[in-house]
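Okay, structure first, notes after.
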Amino acid sequence: MSDITANIVVSAPSQLFTMPRSFKAVANGKIYIGQIDTDPVNPANQIQVYLENEDGSHVPVAQPLIINAGGYPVYNGQIAKFVTVQGHSMAVYDAYGTQQFYYPNVLKYDPDQLRSEIDNKLIFTTDNIESESIPEIFSYILLNGRYFYEPSNDSVDGILVKKSSNNRIWKMKNCSNLYASDFCTDTESIQKAYEVATSLDAVFVIDKEFNNLLATTDDPESPGNNAFKSVLRCIDNSTIKFIGDGALKLANQNRPQSHVIYIHNCKNVKIYDPVLFGDRRTNTTIGEHGWGLTILQCENVYVRGGVYEDMFGDGIYIGMKWGSTDGNVPKNVQIDRPVVRKCRRNGIAFTSGDNVTINNPMIYEIGDYDGITGAFPKAGIDIEPEYDEDTPGTSIPRIVNCSISNTYINGAYTGFEMNIFPYNLVIDLIVGDITLDNVTARGVTATRVRTGGIGTISIGKVIYKSNPSDYAVFEMLGNDRIRIEIEELVDETTIATGDRNIRLLPRPYDPSYMSNQFRGLKIGKCTSAISRYLLLAGSDLSQYHFDIDIGQENDPITCSLEYATDVRPASLRGFIGGTVVVDSFKYTKTLNSTFFINVAVNDIDIILASTGDFRELKIKRSLTTSAPTRASGIANIKFAHAGSEVTQVASADFGAWIKLKNKEGTYTEITGMYGSWTFS
Numbered sequence: 079m080s081d082i083t084a085n086i087v088v089s090a091p092s093q094l095f096t097m098p099r100s101f102k103a104v105a106n107g108k109i110y111i112g113q114i115d116t117d118p119v120n121p122a123n124q125i126q127v128y129l130e131n132e133d134g135s136h137v138p139v140a141q142p143l144i145i146n147a148g149g150y151p152v153y154n155g156q157i158a159k160f161v162t163v164q165g166h167s168m169a170v171y172d173a174y175g176t177q178q179f180y181y182p183n184v185l186k187y188d189p190d191q192l193r194s195e196i197d198n199k200l201i202f203t204t205d206n207i208e209s210e211s212i213p214e215i216f217s218y219i220l221l222n223g224r225y226f227y228e229p230s231n232d233s234v235d236g237i238l239v240k241k242s243s244n245n246r247i248w249k250m251k252n253c254s255n256l257y258a259s260d261f262c263t264d265t266e267s268i269q270k271a272y273e274v275a276t277s278l279d280a281v282f283v284i285d286k287e288f289n290n291l292l293a294t295t296d297d298p299e300s301p302g303n304n305a306f307k308s309v310l311r312c313i314d315n316s317t318i319k320f321i322g323d324g325a326l327k328l329a330n331q332n333r334p335q336s337h338v339i340y341i342h343n344c345k346n347v348k349i350y351d352p353v354l355f356g357d358r359r360t361n362t363t364i365g366e367h368g369w370g371l372t373i374l375q376c377e378n379v380y381v382r383g384g385v386y387e388d389m390f391g392d393g394i395y396i397g398m399k400w401g402s403t404d405g406n407v408p409k410n411v412q413i414d415r416p417v418v419r420k421c422r423r424n425g426i427a428f429t430s431g432d433n434v435t436i437n438n439p440m441i442y443e444i445g446d447y448d449g450i451t452g453a454f455p456k457a458g459i460d461i462e463p464e465y466d467e468d469t470p471g472t473s474i475p476r477i478v479n480c481s482i483s484n485t486y487i488n489g490a491y492t493g494f495e496m497n498i499f500p501y502n503l504v505i506d507l508i509v510g511d512i513t514l515d516n517v518t519a520r521g522v523t524a525t526r527v528r529t530g531g532i533g534t535i536s537i538g539k540v541i542y543k544s545n546p547s548d549y550a551v552f553e554m555l556g557n558d559r560i561r562i563e564i565e566e567l568v569d570e571t572t573i574a575t576g577d578r579n580i581r582l583l584p585r586p587y588d589p590s591y592m593s594n595q596f597r598g599l600k601i602g603k604c605t606s607a608i609s610r611y612l613l614l615a616g617s618d619l620s621q622y623h624f625d626i627d628i629g630q631e632n633d634p635i636t637c638s639l640e641y642a643t644d645v646r647p648a649s650l651r652g653f654i655g656g657t658v659v660v661d662s663f664k665y666t667k668t669l670n671s672t673f674f675i676n677v678a679v680n681d682i683d684i685i686l687a688s689t690g691d692f693r694e695l696k697i698k699r700s701l702t703t704s705a706p707t708r709a710s711g712i713a714n715i716k717f718a719h720a721g722s723e724v725t726q727v728a729s730a731d732f733g734a735w736i737k738l739k740n741k742e743g744t745y746t747e748i749t750g751m752y753g754s755w756t757f758s
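Counting from 79, one number per residue, gives the positions in the sequence shown under my numbering.
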């Protein structure tokens, strides 16, 4: 078939097909090739594909093309090169018949040897149109071996439209990739090239390191306002890809606010592997703002990977524009595997969003590093719904249908911060496991000042590789309907350095005691191989109201409460974990849920008081008691026994135990017992 001129490769340029969201091969998949803008799976739309032999000859082959287990197109089991003679669409399906890729027009232009409009015409090749005097005989220009230009009468802009030295005007034809190294030197040219690429439906490829970039690109809604100026401002329906040494590095403008990439009021934006550097090391102004990637009101944004380093404020910021009144928040945003390093304020700040997903963030050295003082909260991740309370009509932030998964934080003042303070906040956030290492002050912290909120922040396991001063701090949470639930605190440190503190702090000078409300706080379990957990209170516990679960009954580690002398909490439900030895009268609600009672004085029974305690309690009489004739038991129960109502149960049997749970407004439930117990 020597008359075939086939030089358009339809297998991947590397001849390796991988899944769109991972580096796994599309094993045992299928490739279909068809006419442009059609479904190539339909045989009526398919075009002829050829197998190219080593001698350059071509053999027609049937569709679909087969992908082997390693991700390579094969013919009769052998890796092969497949070609065709025209522009085409391509669809790639996995072994289960699920479409993984579809390209309506792979080339975005017709192949040069078949294009009728350039057949028998000459193409001028150059790497600088402006310096060339291009004779009339040439009807097309190939710039840098990448871009076709044709004659035009449009206005010159330096990228899309260029003028040769003999005043001929040339306009770029469609291209699939526009490379920053071919057109860009500074912030202005980067923004312009990106907008040209988007107008051509091309990928803007940042393929070189750009240094000393000024954040001078305006937000059209706030022209001239330095707080919203950036290096690159995203627009609708655009794709940015960083490859090789590609990076954007901010110059020091000694300005308290700037953005490297800024996404606001746009939709359908994709960014792949961004590498962004801020001015943390050189900026000497006072402030805490300066962002790598800023995502404000927008829709349908995907960011894959990337490095966000040396920001004056946050590596990544997701939320509403300050002072917004339109009620909009970022919607349908996904960020996969970001790496954030050496930022002054936070690794990631998340303040508003609807269907925002952050997967596998890795965050390092946030706050005080390299001799540079950080800005609070200095958190790996900061959940901080914020808005301009001083501006009437400002939209209240919300975080709904959002998730953060598999977080790793190594180096921060606070690991995971929750500043959930606005009035009437609505929040629905699922946070998977969090691994913390080299966090110095607080592992997990939550602060709630206002009321009227509703929703849940649900956190998986918080795994500690080193010891912060406090494993968890909960501050002035307030009496509303926002719940904070943590599945488990896991101490994986290897050096016993004292207790693992869980600290409760009220709001100072609060005569109504609203800040002493800690309802809706749940920690499912606390585990450690070497230490115990302490629940610490910041003021008079007689004013506190808790609804807390910590640990579980079978924990080998004793979870303890620490109180000031003669101070008792007004209400404590569900503090579970470990076993406490009791040798004198106690209120059960000040203790753990499993008790060994050791009667040490012959003439005194030890009967515990369970008023207001609605946990499941287990009371055991010690086998080593020194007063074998005296009873051990629990009072303030309510139970129907032998035709009458009783309020106390006790036993003098060695090793006897009883498990029970008081019920509000009804009878106590007894779930198990051993030995002889007397009801009275």
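Using N, Cα and C, we set each Cβ at its ideal position, and we do this for glycine too.
Short Cβ contact (8 Å threshold) for L238 with A293: no
Span separating the alpha-carbon of T672 from that of K696: 5 Å
Extent of the continuous beta strand (DSSP E) to which K696 belongs: E694 to R699
Cβ-Cβ distance between G370 and Y442 below 8 Å: no
Proximity below 8 Å, CB of E130 to CB of V161: yes
Test item: CB-CB of I114 and P213 under 8 Å: no
Cutoff 6 Å; reference A275; Cβ partners in own chain excluding five residues on either side: L256 and F282
Collapsed DSSP secondary structure at N740 in the structure displayed: coil
For Y150, the three-state DSSP class (helix, strand or coil): coil
Member of V411, A687 and V522 whose CA lies at the smallest distance from the CA of I535: V522
Proximity to T485 [Cα-Cα], best of G425, T472, R520 and I284: G425
Burial state of P500, where buried means 16 or more other Cβ atoms lie within 10 Å: buried
Where the beta strand (DSSP E) through D515 begins and ends: I512 to T525
S754 and A734 closer than 8 Å at C-beta: yes
Distance between beta carbons of T746 and L738, contact taken as under 8 Å: 5 Å
Simplified DSSP state of V274, which is helix, strand or coil: helix
Beta-carbon gap between S544 and T571 smaller than 8 Å: yes
Counterpart residues of L583 in DSSP-defined beta bridges: E553
Classification of Y386 by the beta-carbon crowding that lies within 10 angstroms, buried from 16 upward: buried
Where the alpha helix (DSSP H) containing A258 begins and where it ends: A258 to F261
G452 burial status per 10 Å Cβ neighbour count (16 or more: buried): buried
Distance CB(K286)-CB(S259) smaller than 8 Å: yes
Start-to-end residues for the beta strand (DSSP E) that takes in F674: T672 to I675
Three-state secondary structure assigned by DSSP to Y752: strand
Cβ distance (whole Å) where C262 is taken to contact F288 below 8 Å: 7 Å
Rounded C-alpha distance that separates I635 from R610: Reliability of the predicted coordinates at I635 is poor, the pLDDT of 46 falling under 50, and no value is obtained from them.
Contacts around N479, its chain only, beta-carbon distance under 7 Å, and the 5 residues preceding and following it disregarded: D432, N433 and D506
Residue of T756, A607, I318 and N303 minimising C-alpha distance to I339: I318
S430 beta carbon less than 8 Å from that of P408: yes
Spatially closest choice to M168 from P121, E723, F663 and Y350, by CA coordinates: P121
Opening and closing residue of the beta strand (DSSP E) in which C344 lies: Where C344 is concerned, there is no enclosing beta strand (DSSP E), given that its DSSP letter is neither H nor E.
Limits of the unbroken beta strand (DSSP E) element including C253: First-last for C253: undefined, no H or E at that position.
Nonlocal neighbours in the same chain, by C-beta distance under 6 Å from L669, ignoring five residues either side: V658
Cα-Cα separation between A140 and C253, rounded to whole angstroms: 29 Å
Pairwise C-alpha distance: Q126 and S194: Per-residue confidence for S194 stands at a pLDDT of 47, beneath the threshold of 50, marking its modelled position as unreliable; the derived number appears in the next sentence. Rounded to whole angstroms, S194 to Q126 spans 20 Å at the Cα level.
Endpoints, the beta strand (DSSP E) within which Q113 is located: It is not in any beta strand (DSSP E) - Q113 carries neither H nor E in the DSSP assignment.
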